[in-house]
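Visitor:
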Amino acid sequence: MTTGDVHLFGIRHHGPGCARSLARALEELRPDCVLIEGPPEADSLLALAGAEGMEPPVALLLYAPEQPRHAVFYPFAEFSPEWQALRYAARNGVPARFMDLPQTHALALAKEHETVDPIPSDAVVDLEESVEESVEESVEESEDLPDLRHDPLDWLGRAAGYGGGEEWWEHTVEQRQDGADLFAAIAEALTAARAETPPPADAFEARREVLREAAMRGTIRAAQKEGRERIAVVCGAWHVPALARLPGAGADRELLKGLPKLKVEATWIPWTYDRLAAASGYGAGVESPAWYEHLWRSGGRAAPTAWFARVARLLRAADLDCSSAHLIECVRLADMLAALRERPAPGLNELLEAAGTVLTTGEDAPLRLIQRELLVGHRLGTVADGAPTVPLQRDLDQRRKTLRLKVSAARETLRLDLRAENDLARSQFLHRLRLLRVPWGEVTEARGGKGTFWETWTLQWQPEFALAVLEAAPYGNTVAEAAAALAQRTALEARDLPALTELVDQLLLADLPAALAVAMRELENRAALTGDIPQLMAAIPPLARVSRYGDVRQTDAAQVLHVLDGLAIRVCIGLAAACQALDDEAAAAMAGHIGALHAALKWVDRPERLADWTTVLGRLADADGVHARVRGLAARLLLDERRADAADRMSRALSRAVPPEAAAAWLEGFLGGGGMLLAHDEALFQLLDQWVVGLSADHFIQVLPLVRRTFSTFPPPERRRIGERVRRDAERPAATPTAAAPAADWDLDRAERLIPTLSLILGVETD
Numbered sequence: 006m007t008t009g010d011v012h013l014f015g016i017r018h019h020g021p022g023c024a025r026s027l028a029r030a031l032e033e034l035r036p037d038c039v040l041i042e043g044p045p046e047a048d049s050l051l052a053l054a055g056a057e058g059m060e061p062p063v064a065l066l067l068y069a070p071e072q073p074r075h076a077v078f079y080p081f082a083e084f085s086p087e088w089q090a091l092r093y094a095a096r097n098g099v100p101a102r103f104m105d106l107p108q109t110h111a112l113a114l115a116k117e118h119e120t121v122d123p124i125p126s127d128a129v130v131d132l133e134e135s136v137e138e139s140v141e142e143s144v145e146e147s148e149d150l151p152d153l154r155h156d157p158l159d160w161l162g163r164a165a166g167y168g169g170g171e172e173w174w175e176h177t178v179e180q181r182q183d184g185a186d187l188f189a190a191i192a193e194a195l196t197a198a199r200a201e202t203p204p205p206a207d208a209f210e211a212r213r214e215v216l217r218e219a220a221m222r223g224t225i226r227a228a229q230k231e232g233r234e235r236i237a238v239v240c241g242a243w244h245v246p247a248l249a250r251l252p253g254a255g256a257d258r259e260l261l262k263g264l265p266k267l268k269v270e271a272t273w274i275p276w277t278y279d280r281l282a283a284a285s286g287y288g289a290g291v292e293s294p295a296w297y298e299h300l301w302r303s304g305g306r307a308a309p310t311a312w313f314a315r316v317a318r319l320l321r322a323a324d325l326d327c328s329s330a331h332l333i334e335c336v337r338l339a340d341m342l343a344a345l346r347e348r349p350a351p352g353l354n355e356l357l358e359a360a361g362t363v364l365t366t367g368e369d370a371p372l373r374l375i376q377r378e379l380l381v382g383h384r385l386g387t388v389a390d391g392a393p394t395v396p397l398q399r400d401l402d403q404r405r406k407t408l409r410l411k412v413s414a415a416r417e418t419l420r421l422d423l424r425a426e427n428d429l430a431r432s433q434f435l436h437r438l439r440l441l442r443v444p445w446g447e448v449t450e451a452r453g454g455k456g457t458f459w460e461t462w463t464l465q466w467q468p469e470f471a472l473a474v475l476e477a478a479p480y481g482n483t484v485a486e487a488a489a490a491l492a493q494r495t496a497l498e499a500r501d502l503p504a505l506t507e508l509v510d511q512l513l514l515a516d517l518p519a520a521l522a523v524a525m526r527e528l529e530n531r532a533a534l535t536g537d538i539p540q541l542m543a544a545i546p547p548l549a550r551v552s553r554y555g556d557v558r559q560t561d562a563a564q565v566l567h568v569l570d571g572l573a574i575r576v577c578i579g580l581a582a583a584c585q586a587l588d589d590e591a592a593a594a595m596a597g598h599i600g601a602l603h604a605a606l607k608w609v610d611r612p613e614r615l616a617d618w619t620t621v622l623g624r625l626a627d628a629d630g631v632h633a634r635v636r637g638l639a640a641r642l643l644l645d646e647r648r649a650d651a652a653d654r655m656s657r658a659l660s661r662a663v664p665p666e667a668a669a670a671w672l673e674g675f676l677g678g679g680g681m682l683l684a685h686d687e688a689l690f691q692l693l694d695q696w697v698v699g700l701s702a703d704h705f706i707q708v709l710p711l712v713r714r715t716f717s718t719f720p721p722p723e724r725r726r727i728g729e730r731v732r733r734d735a736e737r738p739a740a741t742p743t744a745a746a747p748a749a750d751w752d753l754d755r756a757e758r759l760i761p762t763l764s765l766i767l768g769v770e771t772d
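Heads up, the sequence shown is in our numbering, so the first residue is 6 and it goes up one at a time.
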């Protein structure tokens, strides 16, 4: 759409069809100025779009230095129209700048109205685009008629005979081969839709839209004053009607006068297709970035043959059957579906339906694989070296390169041998990043020997880690300095012992001795003041893990063992009292603490502590006021340590004098460690069998859920072994009355001494 010296190009963000048509239009227009919807604060970074090493997807990050979580992202993909406009300007030496309401005002307004929430670590929310109108959004389709303001494209798509705006836009724009008059048609359609659309119901959103468009018009006027004769304006299609006419500048200046301000800085960061996908929470994302990349690189054609070839390679790599005949049939079916639906060419829906019918026979798993790999994708962009960044980020990048750790958007497995110097340094680096709240890696497995020589990590880089680095930047200029300083602050602010012991664990793994000393001091002080036995118990397992690092990680665990000894002694003294009068929920929690503590004390080489603990278990197993579940667990742990015969305790716990509910709870605690014991111990099996057989019908129904819950925790092989044991006993023929009883080992002399007394009681005469 052209108005005098201003040429408006209404686009859809991340639309390959728009990008292709825009590239052609710019080559034909040869503008002397390019204005692009975006944050003016990033104008100084535009030159980097054409720099070597800048590979999309990338994003502009604008943030408040004092509160980095107040931030916005402007992502760009190779197929984004805005990116093509930037590359055209850089390639041809044409001045380019952004136009929009400056984020220094936008973030301040959002903060003032309390509409900006801190961005969570597990999701990316684009605060700039999340309030964009529906032409820039991918929204979930509704069975009802769409709200015009929420999705005007849906109205246009349904009017054209499509299921919704998304499908209509893809067929009419994204797969379009001829770009002539495309932008004029978009402007006409959106002008009509906007004329019928009511203003936003939310007053803040309505004002924000007015301010944004006033700022855009101001940028256009500034370019005109510079004498530009061919001004290319690239903006969301929704804004084209508001920019087509430029009213007097005074009204717009009045609107923008006196707006609040917030200091804002900008930089480029790598982005990923996963975060570009609409499902990631980014409001102006697209559902299928990898598919749009395919459209872009195939020249706008869906190219079914090429796409199905990629599907075939993917399925074969996953050991799934996919022959050439399958591919031929897929292409034919996709073409037939497009013809039946009167489409000019197969679209994504037709390709997926054909693949689901022919290649996957309707199974979900292969379709999910195609969705993950070929529709969303794992592409991670790179940023040119000249992009501004904080010293902490530079140190992180340098350390990463030194340690030969590759950044990837896909989940990758890294196995480290901690006896190797470089692998040990890698482990420490990844643990330091976790202390900085940059969870690039997750420890998934430790094995080898006693489990200390090897670490297995799962690595996956997320774009929002850039925000976490910015937040941690005030704590130090290197990863080690910042991690140590942040850990010391965390230690001083920790509210309970388990949090402190977990921190001690992390600090030893990260090899930060100065911060470790602070955390240990706080741990000792806090432990001396608390009398909460469960909290003391929860603090011991992390310390026990820490004590095993000495040989492999070259750390001194003596101080840790000293603290562990003190905690264990206090637990042994107070545990019996803490286990009195517990309800079912508290008993379950206490059983968990006891099991974890028992395992922890077995890890460490402290015979005196283990002996004290065994004594405490014996008291718990026989104490009357202790919950039956705790007593059952104590009996099982003693049996595992070969410190007691469980048959006697089980006989008493399952006797007729014990209420069935209490017996079932004892059984739950006793068998919580696994069911193989029943398959191999004849005496315990018979005691349990006799208890179950002796239950009345009412009691059996009452305790059945508890017993069933206990048995459901056993692994399937154990349950199968126990079931086979029960079946064998049931099939064994019963003894006949005439069967000879086995000879008993009687003490006849002692038995004869009872005969006179029994005769007197029974009133019978004896010889």
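Yeah, the Cβ is synthetic: ideal placement off N, Cα and C, and Gly gets one too.
Give me the Cα-Cα distance between L512 and P294, rounded to the nearest whole angstrom.
Guide: Cα to Cα, L512 sits roughly 40 Å from P294.
Visitor: I need the DSSP call for L281, collapsed to helix, strand or coil.
Guide: helix
Visitor: Taking P70 as the reference, which of R611, E476 and T620 has the closest Cα?
Guide: E476
Visitor: Quick one, are the C-beta atoms of M104 and T196 less than 8 Å apart?
Guide: Not in contact: M104 and T196 (Cβ atoms no closer than 8 Å).
Visitor: For D131, is the classification buried or exposed, using 16 other Cβ atoms within 10 angstroms of its Cβ as the cut-off for buried?
Guide: Any reading at D131 must be qualified, since the residue scores a pLDDT of 39, below 50, and its modelled position is unreliable; the value itself is stated next. Result: buried.
Visitor: Going by Cα to Cα distance, which pick from A322, V363 and G15 is closest to E378?
Guide: A322
Visitor: If L692 and A662 are in contact, beta carbons under 8 Å, what's the gap, nearest whole angstrom?
Guide: Wrong, their Cβ atoms sit about 15 Å apart, outside the cutoff.
Visitor: Quick one: what's A69 bridged to in DSSP?
Guide: Q72
Visitor: Within the region 435 to 490, note down every full beta strand (DSSP E) run reaching 3 residues or more, in order along the chain.
Guide: 446 to 450 and 459 to 464
Visitor: Return the CA-CA distance between V363 and I191, expressed in angstroms with no decimal places.
Guide: Taking the CA atoms as reference points, V363 sits about 37 Å from I191.
Visitor: I need the DSSP call for A343, collapsed to helix, strand or coil.
Guide: Here A343 sits in helix by DSSP.
Visitor: Tell me which residues share the same chain as A746 and place their Cβ nearer than 6 Å to its Cβ, disregarding the 5 neighbours each side in the sequence.
Guide: Below a pLDDT of 50, predicted positions are generally treated as unreliable, and A746, at 41, falls in that range; no measurement from the model is reported.
Visitor: Just tell me which of T449, P61, H110 and L380 has its CA closest to the CA of L91.
Guide: That would be P61, whose Cα lies nearest to the Cα of L91.
Visitor: Should I274 be labelled buried (16 or more other beta-carbon atoms within 10 Å of its own) or exposed?
Guide: Its Cβ being crowded by 16 or more others within 10 Å, I274 is buried.
Visitor: So what does DSSP say about L700, is it helix, strand or coil?
Guide: coil
Visitor: Using the C-alpha atoms, what's the distance from G579 back to G623?
Guide: 14 Å
Visitor: Within 8 Å, do at least three Cβ pairs link the region 681 to 698 to the region 719 to 731?
Guide: The region 719 to 731 vs the region 681 to 698: in contact.
Visitor: DSSP beta-bridge partners for R420?
Guide: T461
Visitor: By a C-beta neighbour count over all protein chains shown, 10 Å radius and 16 as the cutoff for buried, is R213 buried or exposed?
Guide: It is buried - the Cβ of R213 has at least 16 other Cβ atoms within 10 Å.
Visitor: Could you tell me the boundaries of the beta strand (DSSP E) in which L40 lies?
Guide: C38 to E42
Visitor: Please state whether DSSP places M104 in a helix, a strand or coil.
Guide: strand
Visitor: Hey, P546 and L602: beta-carbon distance below 8 Å or not?
Guide: yes
Visitor: Could you name the residues of the same chain whose beta carbon sits closer than 7 Å to that of Q398, not counting the 5 residues immediately before and after it, in chain order?
Guide: V474
Visitor: Could you give the distance in angstroms between the alpha-carbon of A520 and the alpha-carbon of L53?
Guide: Distance between the alpha carbons of A520 and L53: 39 Å.
Visitor: Is there contact here, the region 32 to 40 with the region 226 to 239, by at least three beta-carbon pairs under 8 Å?
Guide: yes
Visitor: Between the beta-carbon of A669 and the beta-carbon of V708, is there less than 8 Å?
Guide: yes
Visitor: Drop a sphere of 10 angstroms on the beta-carbon of P349, count the other beta-carbons inside from all chains shown, and report buried for 16 or more, exposed for fewer.
Guide: exposed
Visitor: Q376 to H331, Cα distance in whole Å?
Guide: Pairing Q376 with H331, the inter-Cα distance amounts to about 19 Å.
Visitor: For the alpha helix (DSSP H) that E358 lies in, which residues bound it at each end?
Guide: L353 to V363
Visitor: Report the residue from Y167, W696 and H704 whose alpha carbon sits nearest the alpha carbon of A343.
Guide: Y167
Visitor: Just to check my reading of the structure: Y79 and P107 have Cβ atoms closer than 8 Å, yes? What is that Cβ distance to the nearest angstrom?
Guide: Contact flag wrong, Cβ pair sits at about 13 Å.
Visitor: What would DSSP say about F690, mapped onto helix, strand or coil?
Guide: helix
Visitor: Under three-state DSSP, which class holds E270?
Guide: strand
Visitor: Measure from the alpha carbon of E210 to the alpha carbon of each residue in E498, W296, L114 and E613, then state which is nearest.
Guide: For the options E498, W296, L114 and E613, the alpha carbon positioned closest to that of E210 is the one of L114.
Visitor: Should V698 go down as buried or exposed, given a rule of 16 or more other Cβ atoms within 10 Å for buried?
Guide: exposed
Visitor: Please return the same chain residues whose Cβ sits closer than 6 Å to the Cβ of P100, not counting the five positions on each side in sequence.
Guide: The answer, listed in chain order, is C38.
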